[in-house]
Amino acid sequence: MTYNKLGFAFTGLRTLSFAIIDKAYKKTGETNLMTGLGFGLDIDDHVVTCNTRFSFEKKKDQPFLILEVQALFEIEKDDFLNKVKQDDDTYLVAKGLAIHFAVLTIGSARGILHSKTEGTPFNEFLLPTIDVNNMLEEDVIFKF
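Numbered per this note's numbering, the sequence shown spans residues 1239 to 1382.
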């Protein structure tokens, strides 16, 4: 299945968590960015969710800036039933489509991070370009 032949709409965006932890922040030293990517499925509403999580750290396991964002993508009902739903009652989001959803979600997270930190010293921390191909190696399959 090629994702551009599947009808969908970007229907929602949620900031699930945002935190600035002053105690964990140091002005000096290397900054590490920890990233996470996940997907969810709402069968009844034909919605695929893409979740991204970013945490900036100066010390291991002590983040000073955390952002978690969820984007919602509604799939056209016929496409959901005929392309996403599989004969074995699993649900498949093709790798290309999942990557596209991830790129849109990460781009949105970049804007949210800027907006939330604007006017603070933490505005210097930007989400870099991220090669989602390295984060997602195969199709996303849901089994219920």
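All C-beta atoms in this analysis are idealised placements derived from N, C-alpha and C, irrespective of residue type, glycine included.
In the structure shown, G1345 falls within a helical segment according to DSSP collapsed to helix, strand and coil.
Put simply, the backbone Cα of L1364 is about 23 angstroms away from that of A1336. In the structure shown, F1363 adopts coil according to DSSP, grouped into three states. Taken in chain order, the unbroken stretches of beta strand (DSSP E) that lie wholly in the region 1291–1325 and span 3 residues or more are 1300–1313. Going by DSSP, I1379 is part of the beta strand (DSSP E) stretching over V1378 to F1380. A1257 is bridged by DSSP to I1304. Two segments are said to touch when three or more pairs of C-beta atoms, one from each, lie closer than 8 angstroms; by this definition the region 1313–1331 does not touch the region 1292–1303. In this structure, the alpha-carbon of M1373 lies about 30 angstroms from that of K1261.
For I1281, the closest C-alpha among the options K1333, T1290 and F1318 is that of F1318.
Taking all protein chains shown into account, P1301 has 16 or more neighbouring C-beta atoms within 10 Å of its C-beta and is therefore buried. With a cutoff of 8 angstroms on beta-carbon distance, V1341 and F1277 are scored as not near each other.
A distance below 7 angstroms between beta-carbons, with the five flanking residues on each side excluded, links T1328 to the following residues of its chain, in chain order: I1379, F1380 and K1381.
Sorting I1344, G1267 and A1257 by C-alpha distance to the C-alpha of L1251 places I1344 at the top. In the DSSP secondary-structure assignment, A1247 is bridged to E1312. In this structure, DSSP gives L1271 an extended state, which the three-state scheme calls strand.
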